[in-house]
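Take any residue in the sequence shown, count from 1 to its spot, add 219: that is its number in our numbering.
C-beta atoms are modelled at their ideal positions from N, C-alpha and C, and glycine is treated no differently.
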Amino acid sequence: MAKRKNDNLSMGEALNEFIKENRLQPGMDKVDVREAWKNLMGNGVNNYTSTVELRGDTLFVGLSSSVLREELSLGKSKIITMLNEDLGRELVKKLVLR
């Protein structure tokens, strides 16, 4: 761990520094995307969601309903925009519904 640079770090700043120094951001991104999907889609979609996995800049979502999969595929670009807005940066560029 690096030396302390400042005695007055907030907890958030200290955690962000720790994540950056230990290269944990990709793992944190995966967790953040799952949480964003859960929050944005609501209970109706989450009941049929089996997996949410981020690989690179592509989000893979497993759905148990073919009807829901078809409905969501019509609004892929809007879903990507909503997810990126919730995450605060452009993390997801492609959405694959399975």
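Can the beta-carbon of residue i be found less than 8 Å from the beta-carbon of residue j?
{"i": "V286", "j": "V271", "result": "no"}
{"i": "R317", "j": "L282", "result": "yes"}
{"i": "K257", "j": "L273", "result": "no"}
{"i": "D305", "j": "L234", "result": "no"}
{"i": "I238", "j": "M247", "result": "yes"}
{"i": "Y267", "j": "S284", "result": "yes"}
Does DSSP put residue i in a helix, in a strand, or in coil?
{"i": "L273", "result": "strand"}
{"i": "K313", "result": "strand"}
{"i": "S296", "result": "helix"}
{"i": "G307", "result": "coil"}
{"i": "N235", "result": "helix"}
{"i": "L302", "result": "helix"}
{"i": "L228", "result": "coil"}
Report yes or no: is there a C-beta of chain D within less than 8 Å of the C-beta of residue i?
{"i": "K257", "result": "Although the question refers to chain D, the structure presented lacks it and comprises just one protein chain."}
Span of the alpha helix (DSSP H) holding residue i?
{"i": "R253", "result": "Q244 to N265"}
Please name the residue or residues paired with residue i in a DSSP beta bridge.
{"i": "G281", "result": "T270"}
Excluding sequence positions up to five away, which residues of its chain have a Cβ less than 8 Å from the Cβ of residue i?
{"i": "T277", "result": "V311, K312, K313, L314 and V315"}
{"i": "Q244", "result": "I238"}
Less than 7 Å between C-beta atoms, sequence neighbours within five positions excluded: which residues of the same chain meet that for residue i?
{"i": "R242", "result": "none"}
{"i": "V264", "result": "L287"}
{"i": "A255", "result": "L302, D305 and L306"}
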